Amino acid sequence: MPLLPPVGRLAPTPSGLLHLGNALAFGAAWLSARGAGGRVLLRVEDLDRGRARDLVADAQRADLRWLGLDWDAEVTPQSRRAYPIDAIPTYRCTCNRAARLARLCTCRAARHAEGVWRYRTPPGEVAFVDRARGPCRVAPEDDPVVMRADGEAAYPLAVVVDDARDGVTEVVRGADLLDATAVQVRLYEAMGLVPPTWLHVPVLLGPDGRKLSKSHGSTGIGALRDAGYTPERIWSLLLPLLGLPPGPLEHARLDPARIPPGPFVVGEDGRIRS
Ligand SMILES: [Zn+2]
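Note that the sequence shown ends on residue 274 in our numbering; no numbers are left out.
1. CB of residue 76 to nearest heavy atom of ligand 1: below 7 Å?
2. Can you tell me whether DSSP reads residue 189 as helix, strand or coil?
3. Pick helix, strand or coil for residue 35, following the three-state DSSP scheme.
4. So the alpha helix (DSSP H) residue 235 belongs to, where does it begin and stop?
5. Considering only heavy atoms of ligand 1 and the C-beta of each residue, which residues fall inside 6 Å, strictly closer?
6. Just reading off the alpha helix (DSSP H) that residue 266 is part of, what are its end residues?
7. From what residue to what residue does the beta strand (DSSP E) around residue 199 run?
8. Please list, in chain order, all residues of the same chain as residue 42 whose beta carbon is under 6 Å from its beta carbon, the five residues on each side excluded.
9. Quick check: the Cα distance between residue 217 and residue 128, rounded to an integer number of angstroms?
10. Apart from the five residues just before and just after residue 112, which ones in its own chain have a Cβ nearer than 6 Å to its Cβ?
11. Since I believe residue 17 is in contact with residue 59 (beta carbons under 8 Å), could you give me their beta-carbon distance rounded to a whole number of angstroms?
12. Verify whether the separation of the beta carbon atoms of residue 157 and residue 229 is less than 8 Å.
13. Please report the straight-line C-alpha distance between residue 319 and residue 38, rounded to a whole angstrom.
14. For residue 85, tell me which candidate among 211, 267, 169, 146 has the shortest Cα-Cα distance.
15. At the level of alpha carbons, what is the spacing between residue 208 and residue 183?
16. What are the start and end residues of the beta strand (DSSP E) that includes residue 165?
17. Taking Cβ positions only, does residue 125 come closer than 8 Å to chain D?
18. Looking at the structure shown, is residue 56 part of a helix, part of a strand, or coil, going by DSSP?
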């Protein structure tokens, strides 16, 4: 089989401005594809629509460009695509989150005419290979919602359909999505699609030990830029977290085998430690 150049993607969710954790994952995705002579796609994962989302997505594009992360094409955002679920086994579930967590849901055996659509996940662990961690075996935690009660697609389905439709051959993202990968591998199987390769990079935590989010405002790319940081300085902070020497992004050569598992903590003083 001829070895074709990879197709990677940057898939920001416009729920908040980009922070250092996003930059780390997007930087790794960009390095992986570009380092192998591949293409990079940008896809805005805006399943929840709205004007505010458009503004956030614009700001994210500006942050990505400022960081030196470019893309060859921007593909259709999720809000303008359709996601049929006829091909996969589903059932409708009327339970709230608390009932699911308490394992009180019996909807799998019912035939509800309302509620969200959940994927009927086959039992057992899912095996896949992570390019940094090697062989992984993960048991999906729950049957994921693939369509909301109002007929809107949910993320686990949309991301699989999109990556297949966009011809994405490698997914590079934060290690917090390792569990989600198990479900996504199952969805690829159910739809008869070839899954991409997987690479999960360290997650960044705030001083409070929680995953970086918009509540950790000082780690926002915009906030750092306003504080006088250059893209070079940000990459010098982030590249060592991928097992690379500090330096400009364009000189970096990603080696998945050297990526540490993480997570890393961004302290109050802005320093990053494991
Ligand atoms: Zn239920």
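Think of the CB as a built atom: it goes at the ideal place given N, C-alpha and C, for glycine as much as any other residue.
Predicted model, so just to flag it, every value in this text is computed and none were measured.
A quick look at the data gives this:
1. no
2. helix
3. helix
4. 231 to 238
5. 93, 94, 95, 105, 107
6. Per DSSP, residue 266 belongs to no alpha helix (DSSP H); it is in the beta strand (DSSP E), 264 to 266.
7. 197 to 201
8. 10, 71, 74
9. 35 Å
10. 92, 94
11. 6 Å
12. no
13. Residue 319 is absent from the structure shown; the chain starts at 1 and stops at 274.
14. 146
15. 29 Å
16. Per DSSP, residue 165 belongs to no beta strand (DSSP E); it is in the alpha helix (DSSP H), 155 to 165.
17. Chain labels in this structure do not include chain D; a single protein chain is all it has.
18. helix
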